[in-house]
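Residue numbers (UniProt numbering): 1 to 1222.
Note that the Cβ used here is the ideal one computed from N, Cα and C, for glycine as well.
Each remark here refers to the structure printed beneath this line.
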């Protein structure tokens, strides 16, 4: 929102307030003058911004900075302990200054003429952004007087001496009421409607259309003991209204939501002794006393945690809700409760209701951050109730009032059409204190954590802290508790982060911190964090206090996969503040050659650690809110596109998606312990390996329904699955992909179960079932044990099996065939049937295919070319089965014991039927526009089973020819623009003529597989509509080949396009190789690869005369692949940030402003030199300048950025010497 600031001479400037970023630091330095240093001393601005809890800038329309301020939660002065400043400041005043309601200005700088306006606007913004803060202090040295511009903004309250030292400081205070006062709340009157009706009409005209023009007056007039209306008043003007009602149907709500954590909204005995005490409710500058019974809520057990239950129907940990009247009006189809096995009569209440609900609420946008002021008055009107509930539609973003509320979890299988939020009046108590745990807290902590699965480990760690303050290995332990009115509401336990180098090198924590500005001792590892649900909104404050009192800056919490060792999982408990943490992306690692010796990275970087996902919190994120998105997002299909889409949404740091559901027959992939042999049974696109999925932990953020989609009901916006689940959606994303299908399809009964000896393998679960069947029924092994199967192969009797048919010409078929051979099956019993359909494995070129067939012949595998399946038959009273085929000359049959089908991929029939019955357009594949929309604006689709609408004339631009991960990311960015206003504002508007252009994709397509003969295969190729790799009439370039697959270095092939950039990589060798490294060669210019072509032309690389090609121009020569691409010079290219430095250098070179500055400096230098003008004519001088620009100036810029890149990533690249080392 734009604001206006004034200078003393009356000049005005329109400015915008935003968070400070690191890129602003050079401009902030320009604002610092002698007065700034006099106020705050010599400053490290970068360090201040990095460790401040709140930093903001005032910028104009050209993004020029007019003012800046950083805020700390402690006085940033020498001699005052940041962990215990409250006692020091208490001498200044009798007022209650606490870490919750107090911030300190650490730095303020602005343009001198706008100093007063900037300070007022910065303080105003801070008080709005941080509603709990009521006091802001400015601490100045004793001999420094306050600038006249700050008169009437700050007042001097005291002079205090350092805790350690003899210096005195002047304490200046600014209070909330001067900028953003608390609202005056009173009972509503009919005359308020004149002021409130325009407010409601501006927000929504539905009420007026349904209830008439005088609905507010009628509502206010109808107040009684059960329904009350209150208004917020500013300067005798009503700016907001809240209507509350105590007539709550508790039984109905409990049948829709799991409200046990809120004692089912009933007045039950709490388990605490009845304590009637005076509790101070902080209201900023005003305080009052109220007698209340202080009752706390139990912490939910692990089934309510953010990791979600492990079941076929794992609904989101913080899911949807409902307003009472709207819930009662829902039909059975809208709310499906059958999964839980409960009906509306299951819950019977014999207790008095303990909650009222907000039935109508609106407030002026200017005052919405003070909406919580209504709650105090609401509980005064209903003193017998402890809880307040409110319901909102899923598509309504969370507003500031909901900051204090806790989302209710719907019961398993129940999808209410709205979100239910619950608030306990204990949350109004602001007397929260955080301190170190002590022995006397043990009993209260036990009671708080009694439902936590890892309670025993938590209590053991707490006992260790109380006894020794450190682990047996010497690692420091820190334990803190949070109390309100002397009652314990939270506990946290952390240790020093000893593996910070590993975290830095393996996770992108530097997306959120500048690592070099944090000492190793300032990083902490969070093991336990439990908070009472009534005070969940104070979780971030609790973490901020932990960081302050422990002198830390960063917290880290790992999420382990389900199959991880209990030694890792058991040492951590599920934290109740996971939604407040920031998930951190995993970094792809370089595979280093073994001969680096002392030049290799440290053991901390290279050590093997079980895979885990990482979450993070730091000081500057503690006051940065996350926008909660309650929209119901349903993703159908766990394909690469679907996983990439989910990953992009989850790792958006400032958004919190509460209702993401994945519908997939087998759930998320790699949920069980990965088996390398099973992984090799299918080709991979190299994106979502089990290790990568474990480091993403999608299950922590996504609800999973293990089922198939069978019907889409567009009118009611829900889909129905094969096991009867009804799943509502606001946005439905179809990412099913294409599946291998049966060669025989029964039109009358398409869902008929195939013969048990017939397998269609589309995923690793199908592959595992197929292997199990082969072992038990073909090899007749007595016991099925996947752990020992591969250790003892070949299995006895493997040479006496019947015929095994593998039908298809795909990489998956070749991978499965290799697995059969690894089991010890005789090649004579295996028949590979290659149909006459067009080649469906374009990533396998003729040379690779010839090698595959040659290896199969050596293994005695029966290969049948151009054979199409006709039918199969069985003989009565016999177990014999026959498959009939037809080639170009004859028909024949083969008796078989098992049939594996890898026929051409198509749309799964159940998905096709659901899509077609929903009247979505299907033209061989589901039709989408260039924004992934189907004909229904709420249904999106992406992936291999889609095609663009014909009006785009892009029939060849199908998604199957591009990177699936890039497509998923693009789809996610489309939806993020809907929910993320920042992205929407920053998006550059496309020209009208570009609006209908099809999206262009640049990432390569990747295929990897373990082929027959044990050959490891990798193919990285350019995304293309038509593969022109071998069409010499269209494409010119350079093909570089070396070796043979059986050579120690294997077969390696690189194709360079006409611009000498790597466009295709093919590698095939017996031994495993660093495939993740070679993928990064894509798009790299050959000059960066040690000038490969130049070395050839100079005769430094020996040519292979037996590999001369007819391509022109084409060079084929033996490259020492194993050494050439694994030498130290190549390792920075494999680094995950190499693409960033390439882009950075490109931007520097293309930066006309920077180059013009160098040009001008050069001209000035030459013209100032004596005799230069006479020595060179004007034309020659210009030519000299141009030649200089082409050599020295850009070279210096590039060298500067490359050296900075190597220096900053030195922990990964220690084999390069730093400047000055030699």
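- Residue 977 carries a helical assignment under DSSP once its states are collapsed to helix, strand and coil.
- For residue 671, the three-state secondary structure derived from DSSP is coil.
- Contact between residue 707 and residue 696 is ruled out by a C-beta separation of about 22 Å, above the 8 Å threshold.
- A distance of 8 Å or more separates the beta carbons of residue 507 and residue 571.
- Looking at 467, 102, 890 and 111, the one whose alpha-carbon comes closest to that of residue 479 is 467.
- Residue burial is scored here from C-beta neighbours: residue 919 has fewer than 16 other C-beta atoms within 10 angstroms and is therefore classed as exposed.
- Sixteen is the threshold: when 16 or more other Cβ atoms of the shown chains lie within 10 Å of the Cβ of residue 1042, as they do, the residue is buried.
- By the criterion of at least three beta-carbon pairs nearer than 8 Å, the stretch 448-462 is not in contact with the stretch 411-430.
- Taking a cut-off of 8 Å on C-beta distances, the stretch 955-974 does not touch the stretch 756-766, as fewer than three cross pairs fall below it.
- Here residue 580 has 539 and 540 as same chain residues with Cβ atoms under 6 Å from its own Cβ, once five neighbours each way along the sequence are excluded.
- Between residue 28 and residue 60, the CB-CB gap reaches or exceeds 8 Å.
- Residue 894 and residue 880 have their C-alpha atoms spaced approximately 10 Å apart.
- Taking 8 Å as the cut-off, the beta carbon of residue 927 is found no closer than this to the beta carbon of residue 957.
- For the pair of segments examined, the stretch 701-720 was found to touch the stretch 929-948: the number of CB pairs separated by less than 8 Å reaches three.
- C-alpha of residue 1124 to C-alpha of residue 740: approximately 40 Å in a straight line.
- In the three-state reduction of the DSSP assignment, residue 194 falls in the helix class, which pools H, G and I.
- Annotated three-state conformation of residue 1203 is helix, per DSSP.
- When secondary structure is reduced to three states using DSSP, residue 50 falls in the helix class.
- Ranked by Cα distance from residue 185, the first of 21, 488, 145 and 236 is 236.
- Residue pairing by DSSP places residue 868 opposite 886 in a beta bridge.
- Two segments are said to touch when three or more pairs of C-beta atoms, one from each, lie closer than 8 Å; by this definition the stretch 599-615 does not touch the stretch 716-731.
- In the structure shown, residue 58 falls within a strand segment according to DSSP collapsed to helix, strand and coil.
- The beta carbons of residue 245 and residue 359 sit about 5 Å from each other, so the pair counts as a contact at 8 Å.
- When only Cα atoms are considered, residue 525 and residue 536 end up about 21 Å apart.
- Excluding sequence positions up to five before and after residue 500, its CB lies within less than 7 Å of the CB of 520 and 523, all in the same chain and listed in chain order.
- In the three-state DSSP reduction, residue 77 falls in the coil class, being neither helix nor strand.
- Secondary structure within the UniProt domain "CFAP61 dimerisation" (1000-1102): the alpha helix (DSSP H) runs of 4 or more consecutive residues, fully enclosed, are 1075-1079 and 1092-1097 (chain order).
- Boundaries of the alpha helix (DSSP H) around residue 36: 34-40.
- Of the candidates 756, 730, 689 and 941, the residue whose Cα lies closest to the Cα of residue 738 is 941.
- Assignment of residue 432 by DSSP, reduced to helix, strand and coil, places it in the strand class.
- Sequence-distant Cβ neighbours of residue 833 in its own chain, meaning closer than 8 Å and more than five residues away, are 805, 806, 807, 808, 864, 867, 869 and 885.
- For residue 892, the enclosing beta strand (DSSP E) starts and ends at 891-896.
- Close CB contacts of residue 813 within its chain, under the 6 Å cut and outside five residues either way in sequence, are with 806 and 902 (chain order).
- If you check the CB distance, residue 243 and residue 219 come in under 8 Å.
- In the DSSP assignment, residue 206 falls within the alpha helix (DSSP H) that extends over 206-211.
- Just measuring C-alpha positions, the residue of 405, 430 and 559 sitting nearest residue 419 is 405.
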